[in-house]
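Enquirer:
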Amino acid sequence: MVSPIIDELAEEYAGRITVGKVNVDENDTVVAEYGIRNIPTVLFFKDGQVVDKQVGAGQKAAFVEKMNKLL
43 MVSPIIDELA EEYAGRITVG KVNVDENDTV VAEYGIRNIP TVLFFKDGQV
93 VDKQVGAGQK AAFVEKMNKL L
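43 is the number of the first residue of the sequence shown in my numbering; add one for each residue after it.
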């Protein structure tokens with residue numbers, strides 16, 4: 043499950059990276075805007091633009107690598 047990993051990373055990167063979650067069942071606009079077709083989908087933004095994407099479950103190390111590239 044990705045949610046606990048995201049929660050953990052939000053704590054670890056607090057003050058350096060903003061982490062947010064969206065309930066796709068309640069936010070059709072966001073789903074359409076970003077073309078989300080699978081759950082989970084994690085989007086990585088820099089300066090307001092999507093710069094990377096992880097579709098499906100991922101390992102914490104992979105998320106850390108992607109997040110460190112954004113710093």
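All C-beta atoms in this analysis are idealised placements derived from N, C-alpha and C, irrespective of residue type, glycine included. Since this is a predicted model, take the numbers as computed values, not measurements.
With a threshold of 9 Å between beta-carbons, can D89 be considered close to chain D, or not?
Expert: Of the protein chains in the structure, only one exists, and it is not chain D.
Enquirer: Check this for me: beta carbons of V72 and I81, under 9 Å apart or not?
Expert: No. Outside cutoff.
Enquirer: Between which two residues does the alpha helix (DSSP H) holding D89 run?
Expert: Element bounds for D89: n/a, residue is neither H nor E.
Enquirer: Measuring CB to CB, does Q96 end up less than 9 Å from A103?
Expert: Against a cut-off of 9 Å, the Cβ pair of A103 and Q96 comes out as no contact.
Enquirer: Any idea what DSSP makes of D94, helix, strand or coil?
Expert: Three-state result, D94: strand.
Enquirer: By alpha-carbon positions, which one of V61, D49 and D70 ends up nearest to L112?
Expert: It is V61 whose Cα lies nearest to the Cα of L112.
Enquirer: Could you pull the start and end residues of the alpha helix (DSSP H) that D49 belongs to?
Expert: Element bounds for D49: S45 to E54.
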